[in-house]
Every structure is written in structure tokens, then in C-alpha cells.
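Asks: Starting off with a structure, shown below.
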Amino acid sequence: MSKSVNKRTFVGFSIGDSIANELKAQQTFIKPLVAQKAKTVAKENFHITAAFLGNTSLADRVALSRLIEAETFHAFTVSMPHIAHWPQAKLICAEGMAVDKLSYIANQLQNMAKELGLMQSQHDYRPHVSLFRHCTLPNEQTSFPFLLKAPITVTATQLTLFESLNLPGGVKYLPIQHWPLTP
Numbered sequence: 003m004s005k006s007v008n009k010r011t012f013v014g015f016s017i018g019d020s021i022a023n024e025l026k027a028q029q030t031f032i033k034p035l036v037a038q039k040a041k042t043v044a045k046e047n048f049h050i051t052a053a054f055l056g057n058t059s060l061a062d063r064v065a066l067s068r069l070i071e072a073e074t075f076h077a078f079t080v081s082m083p084h085i086a087h088w089p090q091a092k093l094i095c096a097e098g099m100a101v102d103k104l105s106y107i108a109n110q111l112q113n114m115a116k117e118l119g120l121m122q123s124q125h126d127y128r129p130h131v132s133l134f135r136h137c138t139l140p141n142e143q144t145s146f147p148f149l150l151k152a153p154i155t156v157t158a159t160q161l162t163l164f165e166s167l168n169l170p171g172g173v174k175y176l177p178i179q180h181w182p183l184t185p
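Under the working numbering, the residues of the sequence shown are numbered 3 to 185, in order.
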């Protein structure tokens, strides 16, 4: 964890090594389809974001922790059956539809962010795992979304507050705090 008092943070879910390995294989398969300047997301950074919070102070993070601890969030399983290209975000990702338990978590976290005066998403929530950032397609023949042979299935059992660090070697996501999800 960095020593900075203000941290660029988000709340999300780790995906586990076996799912990360599946996604890494998909990333390798897709790599020839994306422009060379695209940034490949490191396998260690694969996650599902529930809410991006922007820059947060220690007081913000303590207050958020208290709000999360007062809430009951349930474990869930989400399926990501296809790879999508989000042209405005310049992102290629594994994407799925939010199940009710995940939608509830994302909505509650947005409400908490609003209550604390933190950044809130201006878009409808879509669970995804980013594979490439700063991504454009090299030609218009590349067709997205496309279905995976088998959907990526993620079971989340804990919620994590991450810090996003911009380092010379690229971005790195460090866990700051975890909260178990109720089975």
C-alpha cells in the first residue's frame, strides 16, 4: 500500500487465479486483433469493479468502511459470456449482465459514494473484466462482441477496496481492505 494520504480508489471483486488464467488465454488470443498501442492489462490486475470512487482521503475510506460494515452484501456468481469492445472507454473486456445480488452491491456503493461526496459513475452498471486499455481496433473487419466457447464464471465471496497506483511500469491495483460477503 502506498504511503499517500489521498488515494485513487475503487471497490470491486478479485477473480481468483483459475479465472485469471482463463482470461489471460483469451487476452493472448485477442491480442492480434487490437491496435499495437493498446495497453495489455496485467493478469494480477484482473478484477470486477463495483464502484470507482476517485481520489479518497483517509477519512473518506474510514467512513466508507463503516457504511459497508453496516450493510449486508451477499456472495454471488456472475457469468461473462462474451468479449466486448467499448469504443468510448477504449476498452476490450470480458462482459456479462449483473445478477440481482451484484446489482444491489453496485447500487448501494453508488449511494454510499454520493452520501460521502465521492465520484459516482454516470453509466449503467455492467460487470466486466478489462483485458486491454487505451484500445482501438486496427480495422473495421474486427467484430465485437463475440461469444466465448465457454463463459467466464466468477464467484465473489468478498468485497475489496483497491488503490490504483500509476507506476513507471504501468498501473497496479493494491488491496487496502476486504469485507466478506454473506453466503
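Even for Gly, the Cβ is constructed at its ideal location relative to N, Cα and C.
Which ranges does the beta strand (DSSP E) cover as unbroken runs of at least 3 residues, wholly within the segment 97 to 145, from first to last along the chain?
Replies: Fully enclosed beta strand (DSSP E) runs of 3 or longer: 130 to 135.
Asks: Can you check DSSP and say which residues form a bridge with GLN90?
Replies: Answer is none; GLN90 lacks a bridge partner.
Asks: Round the Cβ separation of LEU133 and ILE17 to the nearest angstrom and send it over; I've been treating them as touching at under 8 Å.
Replies: Their Cβ separation, rounded to whole angstroms, is 12 Å, which puts LEU133 and ILE17 out of contact at 8 Å.
Asks: Do PHE12 and SER123 count as a contact pair if the criterion is CB distance below 8 Å?
Replies: Not in contact: SER123 and PHE12 (Cβ atoms no closer than 8 Å).
Asks: Buried or exposed for ALA27, please, with buried defined as at least 16 other CB atoms from any protein chain shown within 10 angstroms of its CB.
Replies: So ALA27 counts as exposed.
Asks: For ALA100, tell me which candidate among HIS76, MET82, LYS92 has the shortest Cα-Cα distance.
Replies: Taking only the C-alpha atoms, the option nearest ALA100 is MET82.
Asks: If we ignore side chains and look at the alpha-carbon of each, how far apart do ALA91 and ALA61 end up?
Replies: The straight-line gap from Cα to Cα measures roughly 30 Å.
Asks: Between the Cα of THR138 and the Cα atoms of GLY14, PHE15, LYS39, which residue gives the shortest distance?
Replies: Closest by alpha carbon: LYS39.
Asks: I need the DSSP call for THR74, collapsed to helix, strand or coil.
Replies: Coil at THR74, not helix or strand.
Asks: What is the residue span of the alpha helix (DSSP H) that LYS26 lies within?
Replies: Where LYS26 is concerned, the enclosing alpha helix (DSSP H) stretches over 19 to 32.
Asks: What does the Cβ neighbour count give for HIS49, buried or exposed, with the cut at 16 atoms within 10 Å?
Replies: Buried, because 16 or more other Cβ atoms sit within 10 Å of the Cβ of HIS49.
Asks: Against chain B, with Cβ distances strictly below 8 Å, would LEU104 count as a contact?
Replies: This model lacks chain B altogether, as it is built from one protein chain only.
Asks: Any contact between the segment 148 to 159 and the segment 109 to 123? By contact I mean 3 or more CB pairs, one from each, below 8 Å.
Replies: Touching, no, given that fewer than three Cβ pairs across the two stretches are closer than 8 Å.
Asks: Find the nearest neighbour of LEU176 within the set ILE94, GLU46, ALA72, judged by alpha-carbon distance.
Replies: Closest by alpha carbon: GLU46.
Asks: Under the rule that 16 or more other beta-carbon atoms within 10 Å means buried, what is GLN160, buried or exposed?
Replies: By the neighbour-count rule (16 or more Cβ atoms within 10 Å), GLN160 is not buried but exposed.
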